[in-house]
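Protein chains in written order, with the numbering used here: chain A, 32 to 153; chain B, 72 to 307.
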Amino acid sequence: MIEREKLEEVLLFLGRDMAKPYFEEIRGLFLGTGMDSLRRIDVALQYGDGVELVEASHALVSSCCVVGAQRLLLACKEMEDCGRSADFTSGRAKVAGLRREFKEATAELKFVIEALLKVEGK
Amino acid sequence: MTSEGRRSMLFGKAVLIMDDSKPIRLLVRKVLESEGAIVIEAESVEQGLAAISGRAPQVIICDLHLPGASGFDFLEHRVETKRIRSIPTLVISSSNDAPSIQRAISIGVDDYIIKPFTAAVLVQKVKKALGSRPFLSRKIDDAELSRIRVLVPAEITGMNEVGFRLESPVRLAAHENLAIWARVFEENLGRKQILTRTSEHQGAPFGRERYLSNVNFIGMDHGFGRAVRALLGGGK
Chain A
32 MIEREKLEEV
42 LLFLGRDMAK
52 PYFEEIRGLF
62 LGTGMDSLRR
72 IDVALQYGDG
82 VELVEASHAL
92 VSSCCVVGAQ
102 RLLLACKEME
112 DCGRSADFTS
122 GRAKVAGLRR
132 EFKEATAELK
142 FVIEALLKVE
152 GK
Chain B
72 MTSEGRRSML
82 FGKAVLIMDD
92 SKPIRLLVRK
102 VLESEGAIVI
112 EAESVEQGLA
122 AISGRAPQVI
132 ICDLHLPGAS
142 GFDFLEHRVE
152 TKRIRSIPTL
162 VISSSNDAPS
172 IQRAISIGVD
182 DYIIKPFTAA
192 VLVQKVKKAL
202 GSRPFLSRKI
212 DDAELSRIRV
222 LVPAEITGMN
232 EVGFRLESPV
242 RLAAHENLAI
252 WARVFEENLG
262 RKQILTRTSE
272 HQGAPFGRER
282 YLSNVNFIGM
292 DHGFGRAVRA
302 LLGGGK
């Protein structure tokens, strides 16, 4: 679910010395902005706010692009579509899956980053 | 410096990134800074315009989906605004639908980067945008030219708010300090001589024993940039 090649390319481009702090920062941002987006998505679904649902889902799409979280990205795009069509029933049905994907992506991101830096450090 | 130890053509170039996503801004900043660029971050069009009110960047990267004014609003504003009209601009977006791309291109963007993108593609597109319009300048008339003298045997054949285009039999090194005596500046800015730097060396001569160099104002204070723009008729 995390595209290892995406992070690997950044590692090769920046070099280990620059990539290591970048990875630490991007992991923190992914977690922080992701949690914020999920909270906003919940509120948008609760109040039936389609515009906010699109905005919040879109914010998470950009984070996914940076770390290569493919499955989460697709889930976010589906949620964006729900916002655009004001289909909050589908949105509410999908939100648990979105949270699960985010949790898994976060855990895998940590694992992939550690593995990449370990290999590079040898 | 690049990994090969050569100086990148992005070295010293100011790049504005307007994107509301912190992770995207961080990635763009890290990648372009690794090439020596100076990255200015903004999370909205309003913030971006405020950030460049003092000194115009050499490249603008703009997301389409932004809070408040959208990327399209910015692109339209750019076309109507003399001081930023000529700055190469790239759009960065997760929208890969043809109408968005066509609309952006019709408003005059130089290139379109679809998220997710790789570091290599980002750098390549920014370099291409810089290279395709290395020195968009207003033609300065003979009267103005006669009032500017460079302390090397050279002719200034173009000038804009980011610097001069210099044609010279002297092969200038990139980033070489260069003294310019300019009465046009003395009259308008109260300076008899300015010390500025050449930018990316163009390599081969463009004509018989003549070389083309760009001399930019990087490092000058904001007041100077504003004054030069006013001098060139670009407004504030």
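The beta carbon of each residue, even a glycine, is placed where N, CA and C say it ideally should be.
Item to complete: Select from Glu109(A), Leu140(A), Glu145(A) and Ile144(A) the residue whose C-alpha is nearest the C-alpha of Gly128(A).
Response: When each option's Cα is compared against that of Gly128(A), the closest is Glu109(A).
Item to complete: Just confirm the distance between the C-beta atoms of Val86(B) and Gln129(B), as a whole number of angstroms; I'd bet it's less than 8 Å.
Response: The pair is a contact, with the Cβ atoms about 7 Å apart (cut-off 8 Å).
Worksheet entry | Interface residues of chain B facing Thr64(A) [CB-CB closer than 9 Å] | Neighbours of Thr64(A) in chain B, taken as residues whose beta carbon is under 9 Å from its own, are Ser92, Lys93 and Pro94 in chain order.
Worksheet item: Cβ of Leu135(B) within 8 Å of Cβ of Ser166(B)?
Response: With contacts defined as CB atoms closer than 8 Å, Leu135(B) and Ser166(B) qualify as a contacting pair.
Worksheet item: Just to confirm, are Lys101(B) and Leu45(A) a CB contact at a threshold of 8 Å?
Response: A contact, by the Cβ cut-off of 8 Å.
Worksheet item: Between Glu39(A) and Ala146(A), what straight-line distance do the alpha-carbon atoms span, to the nearest angstrom?
Response: Their Cα atoms are separated by approximately 10 Å.
Discussion item. I'd like to confirm the pairing. Which residues does DSSP put opposite Thr269(B) in its beta bridges?
Written reply: According to DSSP, which records beta bridges pairwise, Thr269(B) is partnered with Val286(B).
Discussion item. Given a cut-off of 8 Å on the beta-carbon distance, is the pair Val180(B) and Leu201(B) in contact?
Written reply: No, these two residues do not count as a Cβ contact at 8 Å.
Fill in: Separation of Pro94(B) from Phe61(A), as counted between CA atoms
Distance between the alpha carbons of Phe61(A) and Pro94(B) is about 7 Å.
Practice prompt. Look up Asp67(A) in the DSSP assignment and say whether it is helix, strand or coil.
Written response: Helix, per DSSP.
Fill in: CB contact check: Ala87(A) to chain B, cutoff 8 Å
Any Cβ of chain B closer than 8 Å to the Cβ of Ala87(A) would place that residue at the interface, and such an atom is absent.
Discussion item. Which residue wins for smallest C-alpha separation from Cys107(A), given the options Ala138(A), Lys141(A) and Arg71(A)?
Written reply: Among Ala138(A), Lys141(A) and Arg71(A), the Cα nearest to that of Cys107(A) belongs to Arg71(A).
Worksheet entry | Beta-ladder partner(s) of Asp182(B), from DSSP | Asp182(B) has Leu161(B) as its beta-bridge partners, per DSSP.
Item to complete: Could you tell me whether the region 112-122 of chain B touches the region 170-180 of chain B, using the rule of 3 or more Cβ pairs below 8 Å?
Response: Segments in contact, no.
Discussion item. Relative to the C-alpha of Ser157(B), which candidate in Gly139(B), Ser141(B) and Ile131(B) has its C-alpha closest?
Written reply: Nearest option by C-alpha distance: Ile131(B).
Worksheet item: Got a sec, what are the start and stop residues for the beta strand (DSSP E) Val110(B) sits in?
Response: Unbroken beta strand (DSSP E) run through Val110(B): Ile109 to Ala113.
Practice prompt. With distances taken Cα to Cα, identify the nearest neighbour of Lys196(B) among Lys153(B), Gly234(B), Asn248(B) and Pro159(B).
Written response: Pro159(B) is the residue among Lys153(B), Gly234(B), Asn248(B) and Pro159(B) whose C-alpha sits nearest the C-alpha of Lys196(B).
Worksheet item: How is Phe206(B) classed by DSSP in three states: helix, strand or coil?
Response: Caution is warranted here: a pLDDT of 41 is assigned to Phe206(B), below 50, making its placement in the model unreliable, and the coordinate value is therefore given only provisionally. In the structure shown, Phe206(B) sits in coil (DSSP, three-state: anything other than H, G, I, E or B).
Fill in: Minimum Cβ-Cβ distance from Val116(B) to chain A less than 8 Å
At a cut-off of 8 Å between beta-carbon atoms, Val116(B) makes no contact with chain A.
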